[in-house]
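Going line by line, the protein sequences match chains A, B, C and D. Following our numbering, the numbering of the first sequence begins with 1 at its first residue and continues without gaps. Following our numbering, the numbering of the second sequence begins with 1001 at its first residue and continues without gaps. Following our numbering, the numbering of the third sequence begins with 2001 at its first residue and continues without gaps. Following our numbering, the numbering of the fourth sequence begins with 3001 at its first residue and continues without gaps.
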Amino acid sequence: MLPILSLIVLIPILFSAVTFFTKTKEQARISALVGTLITLVLTMYMYFSFDSTSAAMQFEEAANWIPSLGITYHLGVDGVSMPLILLNAIVIPLLIIYTWNDVRAAPNRFYALILAMQGAVIGVFVSLDFFLFYVFWELTLVPLFFMVNIWGGANKKHAAIKFFIYTHVASLVMLLGIFGLYYNAWSLNGVPNMDMAYLIGQFQFLESEIARDAIFLALLFGFIVKTPVVPFHSWLPDAYSEAPTAGSVLFILLKIGGYGLFRVMLPMLPFTATPSLMITIMGALGAISIIYGAFLALAQKDLKRMIAYSSISHMGYVTLGAAGLVSLSISGAMFQQFSHGLIMSIMFMSCGVIQTKTGTSIINNLGGLAQKMPKLTVIMVLGFMASLGLPGLTGFIAEFLVLTFSFINMPIYVIIALLAIVITAAYHLWALQRAMFGTFNEKLGDIVDISSYQAFSMGVIALLVVYFGWHPSPVLDMMITNSEHIVSLMAVMGV
Amino acid sequence: MAMENLAFLIPLLPALAFVLTFFLGKKLPSGGAIIPIIAIAISCVISLSITAGLLANPGHVVTQSVHWFAILNLGILIDPLAAVMLSMVSFVSLLIHIYAVGYMSHDPAKPRYFAETALFTAAMLGLILSDNILQLFVCWELVGLSSYLLIGFWFHKPGAASAAKKAFLTTRIGDVMFLAGIVLLFADIFAILEGKLPEGVYLLQFEEIFKFIPDLVAINSTILGMEVSHLTLVTLLFFGGAVGKSGQFPLHVWLPDAMEGPTTVSALIHAATMVTAGVYLVARTFPMFLAAPGTLMVVAMLGAFTALFAATMGIVMNDLKRVLAFSTISQLGYMVLGLGLGAVIGAEAVGVSMFHLINHAFFKALLFLCAGSVIHAVGTHDMRQLGGVGKVMPITFATMTAAALALAGFGIPGTSIGFSGFLSKDPIIEGAYVFATQTGNWIPYLFAISAAFLTSLYIFRLIFMTFTGKPRSDYGGHESPSSMTIPLATLGVFAVIFGALTRGKFMTFIESNFEHLDMNALAELGGYHLGPHGHEPLLILWMPLIVAVAGLVIAYLIYNKRVIDMSRIVSSENPVYKLLYNRYYQHQIFVEIFSVKIIYEGLALASFYSDKMLDWLVNGTSTFLIEAGDSLRKFQTGVIQDYAAAVVAGVGLLVILVKLIMEVF
Amino acid sequence: MIPLNWYLALSAIVFSIGLYGLMTHKNGIRMLMCVELMLNSANINLVAFSSYNDDMTGQVFALFSIAIAAAEAAIGFAILMSIYRMRDMIDVDKLNILRW
Amino acid sequence: MVNLMLLAPEITILVTGLIVLLAGLFLSAQSKKIVGYIAILGCVVAMLLTISSFGTTAVMFSNSLSIDALSQFFKIVFLTVTTLVCIASVKYTDGNDHADEYYVLVLFATIGMMMVASANDLMVLFVAFELASLATYGLAGFEKKNPASIEASMKYFIIGSLSAALLLLGIGYVYGATGTTNIEGIAQNIDLLLNSPMGILSLVLLIAGFGFKIALVPFHMWAPDTYQGAPSLVSALLAAGSKKMGIIAAFKVFIGALIALQADWQIAFAILAVLTMTYGNIVALSQTSVKRMLAYSSLAQAGYITMAFVVMTPMALTGGILYALSHGFMKAGAFIATAAVVYMVTSENKDILNADHLDNFKGLGRRMPITALSMTVFVFALSGIPPTAGYMSKFILFSSTIQSGLVWLAVIAILNSALSLYYYARVVRYMYAKPTDGDRVSEPLPYVIALLLAVAGVLVIGIWPEPFVSMAMEAASVLI
């Protein structure tokens, strides 16, 4: 049997190295595209042979790694990670096509970083050993740091370092939580073991209630900073808006925070000393993120920053849905991760086009672009509509599931989130109206529409947004299978 | 029957037409209009044949269902209610598409226009034949999207872009309420089932929901000190959605602005079809409304108020289309009022309201198309610059007059003789009277009858100012091409005779929709007492006609014969005129105070600055540390003696510290 | 027999003198001498302990230490020579291009 | 019976040193390159000998030397660093008439360090300690014409002598109380020291003596100046090698001999560890000289390693010991990379003063791609980004801190580690994101080889740590 999971992690990394040593832009982009396409093919093969009715790990690979510390090389994929791997495998080749004709310094490094990022992110999703998980988790920081630093906007220095250190602190706090779990289990059972499922299972046996809560909160902190959740989002607007378009898209595809919530936090949640408090914390943070992010987005003057804040708002649904603790709300949260990845990719790609063609992304300096860029407008309107939760597009499915099924356990937070829907619509439409419609701002000079490469990659994502908006089952079913499994694990404790 | 099995094609064909037209329209003559026309024509035929089948056998409803995702389905439910709406929507849409071939002939963006209207038609048809509340919501939002796109069709006009946004946002408020209603409904059903969702049953199907009505009524929550049944909450939230979509007060503000779109769009979406979706929603879930204590009272009052409120503004507008817009709001108010009358007449209210809905669709579409014809010919909306158009455009004049008579409600009470508007509006006003006698609440009746007078006044003001007298500006003009006049004539025929032809049959047909439910028992749950009626005094029967004639006469005197001098009333000195002309300052209240001051400047900027604080905190930490490093490095003086001193001091301090700590612990 | 503490006191005094000298003098040679003083005070300790513990290790240690001190002095003078060649003076406190 | 084979690494280095010394007499400046190769060969042979005998335990020479896994592990560390430095030095000393002396000093310093690692008697330990110190005093001042180098040497020398005096005083007191200098002997007679008024004083004096080498605050003051002023390759030896000598000495003396006073010195080390890592990291934030920054960073790293004394579990010691090896690779690598940059800058402009200024790293990614990439690996490893040696060591060390319940210490360490990312990342930013007008320069082969070896070491320990972890565990088991 093919070690397919190792391959989809290693191939991008391998091609990253190859791309790094290419001499010209042509070689670099072709090498990058080939690498990502191989990954895509492998992922599709895996997806089609994936059994979505089983909550068990599939395509598992395990090997001893550091036996003296109980660390294994353990990979596997289930319904929680499969859609996210799929998302990365699909969007990144399109991202490379999107940047096909971009002019930039050091294209070999640029594409090498994209590939490295892909390898690292997929690595996070397939790791079933905490050590390995953390290794990939931290590795995702590095390409983005370079990405922002080298090809970023005017304020890139500040944004890059802030993002790097802020999220690194969070990762380290999470690492402390992992340590706590690891050693407590070690002293309980006398053998070191870093396996994720094992450690999560051992969590309930920890004697000290304070230790359990502390470990839970430390891990939660690590995940929600990455998600991100208000008030730990300060790194995000700067990083997202200063990053080059490809960087922003990579940020969007970095769904590891929410993934951690499902993979690690939820199975542990019932065994904390104060589960109801933890649920309240998560739910409240989710709801606050939704509405606060929406208001912040409304107050932005820069299109890219607005999208960044809207991303915070949308990711609030992930936290809220996870805290909803009903299998369908959890599935909704998972689906939101998937859908958000697609939608935000369109949004950032559109914004990137506008920025390169007009040289600005301040909304009030734009105006009437629809007349010059009809193709872009069509895709962008679709992206914006998906982002504001229009039915028939992926965003709605996720939001509907989260709202409906979280309401059962936490009505107040859902009501807050519902209020935010109008605000969400407001800033999206406001931006569309100011930037795209109305009379053309002649100061912007001569503007041409998106290239066919850009149209292709954005169009494919747009099609996916529509497709999964009407037919979410291909990814939603496996999410439901797994979230039912998670809920059944919780039900054992009667939470 | 074969036709039944094709029911799924009704929305799918226009949807396909949307895709084809969008991508291929440019390559086809007249923007590919032929694609949606054929698609909608087929839909129309299927709809009509299904309706015919249902007329023959009302119990034989068409149902189809496929699994969608999770525990939800996509399905089709064509019962009499849906059948009537389907036929009307597909028919009117077909006519307007044909009309638009002529009307839009000069526009370069025709493919986009036809694609978007096809999308709208698909969504609207999908909405109507939904068998579950979620699918209805999905299509509900999609019609909202098409409305947004079509209002903003001429997006290069700042006014159109802004109006589109306003329409979407305002209806979005209602949509969120609707969504909240669905969420609450589902959560309650979930609670009733104690979390055990049955296999293979789609709980959001209407039939399934109706089974939970008694349980839902029993769930109560205390909100603001009032004990409220959850069914009331759910229905009020649904009604909130209807308020947004059907332009009821206070969410009607978008509808007049929506006239920035092409007139065909106004006719199709903002007069005949989409705006009635709210009414259709209430009719669709009427059993829930009937069982919800208090909801129908709210519905009746709000409908009546909107009918009058919009009519008052209609009489001062100078823009041809705006008058019609306010008229639409006002007529939608009647329909909503009609539904509210369910409190006293039960399921008959749906029949009454739907009857008005269908008739209104014909005559209002006609009014808009006539207006469009005028605008197409003369190029202006402003009635003050028109006059005497009737001579140039006789067909338009004739059809519009017929429509106006229908709107104003001319006919002979007690018989089936009359324009369609009369035959459907009259029962509503009579129902309001029954409502008044049964509940002692006269407000709906008074509002409705006053609105009837104003309706007649404003519509004939429009007719006289536009078509009679002398031209007030140099506009040229010609009669429209036949692709436009044929739909006009067709609609005209319907506006005149449809009511008379179908009157009795229609009501029973619609009422048969709820035959399988025990409406009286439901009304008991809601605390409504359905009483017998039909014996209203003669004055009440004749009253609508009397006010309509009065309106016509006054309009004739003022605007045609100019017997009454309006200059004192129509002036900026007159506070009432100013209030009406400025539309009760809604724009100021909604946009400037609510949106800008509270939402934007209040909440959004507050968030903005609080976020700056948060950011400052994060950046401040780093600045502090770097500054600290800058100060601390000064200890490293570079002088060896200092270094030696540090070593010695370190030894000394360490001895003392260790000693101290050991002593203390 | 002289009590051990007297030796320890002597050693402490010598060490302190050396330390004081190291911290106050600027001249490199003087500082070197002070360092030697401090090393020798430690030697006094070692020898005293050796004799009181009746164990030869301490005295052997002292011999090693003296040898090391000599080597240290050699290196120290070599460095001071370099400084002198470069700057024509051996004031150690002027050496502060490396700081902060 | 003394098995001299176990001393073969030391003997090899000694013989190599003598050969180099002799060869230097007969070779011209141009042909002195050969002595570099001899030195490298000697180091490699010594390393192979050490590895081949890893795990053998023996005590020899009247119980004054002990060979065990711990001493051998540290010998591997020292030899690794020396090998890297020697390789890189081939270019540095190219054409220098004093090349032979340079290598002799490096090799003798290495013998000193290795002897410290094997010492089982305070006397041997002191002598070996001073041997290493004396040799490195000379090395720090190797660039006789460079005022910074001389100054660095002077400061190092004065503070080093002071510390030697303190150390000797401390040893004297311990000897006085227990009557022996043998480590096991001290451990047996420790009651005498416990009851003596000299207890804490001797303890602190020893800490000061070793703390000088480890560069613990406040005994660190010489370190930034010296690391900055000394030739970069010497700094590499000092930071990566000689620092570890202090650590192994402290391991031996405190854990081997003074374990009974554990409570006292744990407090002292806790204070020093926190002070050192925090001070090192905070001051490093605002440095513009890369070598100085690396010096402060190595303070911080020393602070982390010192945590092993505070935690004192087998796991923590394993972490500390592994950290010593990792730090050897990372820090030596970083200094060698800096040396390469300094070499490039000085070959362009002879009289430049701050050759290691951050500005000279601008655009290094284009000018010296291998150096820049290696430097990136080193600084990320130093800040603990996986999958590098730095991460692996931190992983074990910090996690053991949590294990023993010292959460506060772990949190401080973790926050420090996050803080350090700022200045490390800044170097990377300069190298890759800052524009430069300089052209690409060819990187000297010796530097490249040394860098790549160090990178390989850093990554191998990070990705396949199992052999190293088990070696470190074995070494730790010697102590506890």
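C-beta atoms are modelled at their ideal positions from N, C-alpha and C, and glycine is treated no differently.
Name the DSSP beta bridge partners of residue 1042 of chain B, please? Taking the second sequence and counting its residues from 1, the one referred to as residue 1042 of chain B is at position 42. In the DSSP output, where bridge partners are listed per residue, residue 1042 of chain B has none listed.
For residue 88 of chain A, which residues in the same chain have their Cβ closer than 7 angstroms to its Cβ, ignoring the five residues on either side in sequence? Taking the first residue of the first sequence as 1, we reach residue 88 of chain A at position 88. Closer than 7 angstroms at the Cβ level, and outside the excluded window around residue 88 of chain A, lie 118, 121, 122, 253.
Those runs of the alpha helix (DSSP H) which lie wholly inside the region 1073-1136 of chain B and span at least 4 residues: 1080-1103, 1110-1128
Considering residue 59 of chain A, what are the terminal residues of the beta strand (DSSP E) in which it resides? Position 59 of the first sequence, counted from the start, is the residue given in the question as residue 59 of chain A. Unbroken beta strand (DSSP E) run through residue 59 of chain A: 58-66.
Comparing alpha-carbon positions, which option in D:3348, D:3215, D:3063 lies nearest residue 3244 of chain D? Counted from its first residue, the fourth sequence places residue 3244 of chain D at position 244. Minimum Cα distance to residue 3244 of chain D is reached at D:3215.
7 angstroms Cβ cut-off: residues of chain D touching residue 168 of chain A: Here residue 168 of chain A refers to the residue found at position 168 when the first sequence is read from its first residue. The answer, in chain order, is 3418, 3421.
Cutting at 6 angstroms between CB atoms, please list the residues of its own chain near residue 339 of chain A, excluding the five before and the five after it. Taking the first residue of the first sequence as 1, we reach residue 339 of chain A at position 339. Taken in chain order, the residues that qualify are 394, 395, 398.
Using beta carbons (cut-off 7 angstroms, strictly below), is residue 2975 of chain D in contact with chain B? Outside the displayed range of chain D (3001 to 3480) lies residue 2975 of chain D, so it cannot be described from this structure.
Going straight from the alpha carbon of residue 239 of chain A to that of residue 162 of chain A, what length do you get? The count along the first sequence starts at 1 and reaches residue 239 of chain A at position 239. The count along the first sequence starts at 1 and reaches residue 162 of chain A at position 162. Looking at the two C-alpha atoms, the distance is approximately 8 angstroms.
Would you check if the distance between the CB atom of residue 133 of chain A and the CB atom of residue 145 of chain A is smaller than 7 angstroms? As a first step, residue 133 of chain A is located in the first sequence; it is residue number 133 there, counting from the start. As a first step, residue 145 of chain A is located in the first sequence; it is residue number 145 there, counting from the start. Cβ distance not < 7 angstroms, so residue 133 of chain A and residue 145 of chain A don't count as in contact.
Out of D:3338, D:3158, D:3476, which has the shortest C-alpha to C-alpha gap to residue 1640 of chain B? Here residue 1640 of chain B refers to the residue found at position 640 of the second sequence. The residue with the shortest Cα to Cα distance from residue 1640 of chain B is D:3158.
How close, in whole Å, do the beta carbons of residue 1315 of chain B and residue 1454 of chain B come, if the pair is a contact with beta carbons under 8 angstroms? Sequence index remark: in the second sequence, residue 1315 of chain B carries index 315 (1-based). Sequence index remark: in the second sequence, residue 1454 of chain B carries index 454 (1-based). Yes, residue 1315 of chain B and residue 1454 of chain B are in contact; Cβ-Cβ is about 6 angstroms, under 8 angstroms.
Tell me which residue opens and which closes the alpha helix (DSSP H) that residue 1177 of chain B is part of. One-based indexing of the second sequence puts residue 1177 of chain B at position 177. Start and end: 1158-1192.
Quick one: which chain C residues come within Cβ less than 9 angstroms of residue 3228 of chain D? For the purposes of this step, residue 3228 of chain D is identified with residue 228 of the fourth sequence, where counting begins at 1. Residues of chain C passing the Cβ test: 2098.
With residue 3339 of chain D as the anchor, note down where its alpha helix (DSSP H) starts and where it stops. By one-based count along the fourth sequence, residue 3339 of chain D stands at place 339. From DSSP, the alpha helix (DSSP H) with residue 3339 of chain D extends over 3314-3348.
Any 3 or more C-beta pairs closer than 8 angstroms across the region 3439-3455 of chain D and the region 3309-3319 of chain D: no
In angstroms, rounded to a whole number, what distance separates the CA positions of residue 3342 of chain D and residue 3379 of chain D? Here the question's residue 3342 of chain D lines up with position 342 in the fourth sequence. Here the question's residue 3379 of chain D lines up with position 379 in the fourth sequence. Answer to the nearest angstrom: the Cα atoms are 17 angstroms apart.
Cβ atoms of residue 1429 of chain B and residue 1448 of chain B: under 7 angstroms apart, would you say? Counted from its first residue, the second sequence places residue 1448 of chain B at position 448. Counted from its first residue, the second sequence places residue 1429 of chain B at position 429. Taking 7 angstroms as the Cβ cut-off, residue 1448 of chain B and residue 1429 of chain B qualify as a contacting pair.
Do the CB positions of residue 2037 of chain C and residue 2018 of chain C come within less than 7 angstroms of each other? Along the third sequence, read from residue 1 onward, the residue named residue 2037 of chain C stands at position 37. Along the third sequence, read from residue 1 onward, the residue named residue 2018 of chain C stands at position 18. Yes.
Taking the alpha carbon of residue 3289 of chain D as the point to measure from, which residue in D:3198, D:3224, D:3264, D:3281 has its own alpha carbon closest? As a working note, residue 3289 of chain D is residue 289 in the fourth sequence. Closest by alpha carbon: D:3224.
Members of the region 1618-1630 of chain B that neighbour chain D once the beta carbon cut-off is set at 9 angstroms: 1622, 1625, 1626, 1627, 1628, 1629, 1630
Since residue 1064 of chain B is in the beta strand (DSSP E), which residue starts that stretch and which ends it? Taking the first residue of the second sequence as 1, we reach residue 1064 of chain B at position 64. Per DSSP, residue 1064 of chain B belongs to the beta strand (DSSP E) from 1062-1067.
Going by alpha carbons, who is nearest to residue 3013 of chain D out of D:3055, D:3075, D:3032, D:3069? In the fourth sequence, counting from the first residue as 1, residue 3013 of chain D sits at position 13. Of the candidates D:3055, D:3075, D:3032, D:3069, the one whose C-alpha sits nearest the C-alpha of residue 3013 of chain D is D:3075.
I want to verify the contact list: residues of chain A whose CB lies under 8 angstroms from the CB of residue 3336 of chain D, in sequence order. Start at 1 with the first residue of the fourth sequence, and residue 3336 of chain D comes out as number 336. Simply none; closest approach about 22 angstroms.
Report the CB separation of residue 1400 of chain B from residue 1367 of chain B in whole angstroms; it is logged as a contact under 8 angstroms. The residue you call residue 1400 of chain B lines up with position 400 of the second sequence. The residue you call residue 1367 of chain B lines up with position 367 of the second sequence. With a Cβ gap of about 6 angstroms, residue 1400 of chain B and residue 1367 of chain B count as contacting.
For residue 1365 of chain B, does the count of other Cβ atoms within 10 angstroms reach 16, so buried, or fall short, so exposed? Indexing the second sequence from 1 puts residue 1365 of chain B at position 365. Classification of residue 1365 of chain B: buried, given that the 10 Å Cβ count is 16 or more.
Indicate whether residue 416 of chain A and residue 291 of chain A have their beta-carbon atoms separated by less than 7 angstroms. Locating residue 416 of chain A in the first sequence gives position 416, counting from the first residue. Locating residue 291 of chain A in the first sequence gives position 291, counting from the first residue. Closer than 7 angstroms, so yes.
Along the chain, where does the alpha helix (DSSP H) that runs through residue 1223 of chain B open and close? Translated into positions along the second sequence, residue 1223 of chain B becomes position 223. No alpha helix (DSSP H) holds residue 1223 of chain B; the beta strand (DSSP E) holding it covers 1220-1223.
Are there three or more Cβ pairs, one per stretch, closer than 8 angstroms when the region 3148-3162 of chain D is compared with the region 2080-2098 of chain C? yes
From the beta carbon of residue 2093 of chain C, is the nearest beta carbon of chain B less than 7 angstroms away? The residue labelled residue 2093 of chain C in the question sits at position 93 within the third sequence. Output row for residue 2093 of chain C: interface = yes.
Applying the criterion that 16 or more other CB atoms from any shown protein chain within 10 Å of the CB defines a buried residue, is residue 41 of chain A buried or exposed? For this step, residue 41 of chain A is matched to residue 41 along the first sequence. Exposed: under 16 other Cβ atoms inside 10 Å.
Report yes or no: is there a C-beta of chain A within less than 7 angstroms of the C-beta of residue 1147 of chain B? In the second sequence, the residue the question calls residue 1147 of chain B occupies position 147. No, residue 1147 of chain B lies away from the interface with chain A (no Cβ there is under 7 angstroms from its Cβ).
Inter-residue spacing [alpha-carbon to alpha-carbon] between residue 3048 of chain D and residue 2042 of chain C: To locate residue 3048 of chain D, count along the fourth sequence from 1; it is residue 48. To locate residue 2042 of chain C, count along the third sequence from 1; it is residue 42. For residue 3048 of chain D and residue 2042 of chain C, the distance between alpha carbons rounds to 40 angstroms.
Leaving out five residues on either side along the sequence, give the residues of the same chain with a beta carbon under 6 angstroms from the beta carbon of residue 1113 of chain B. One-based indexing of the second sequence puts residue 1113 of chain B at position 113. Hits under 6 angstroms: 1104.
What span of residues does the beta strand (DSSP E) with residue 2076 of chain C cover, start to end? Here residue 2076 of chain C corresponds to residue number 76 of the third sequence, with the count starting at 1. Residue 2076 of chain C -> not in any beta strand (DSSP E); alpha helix (DSSP H) instead, spanning 2057-2087.
Roughly how many angstroms lie between the CA atoms of residue 362 of chain A and residue 301 of chain A, to the nearest whole one? Your numbering for residue 362 of chain A matches position 362 in the first sequence. Your numbering for residue 301 of chain A matches position 301 in the first sequence. Answer to the nearest angstrom: the Cα atoms are 6 angstroms apart.
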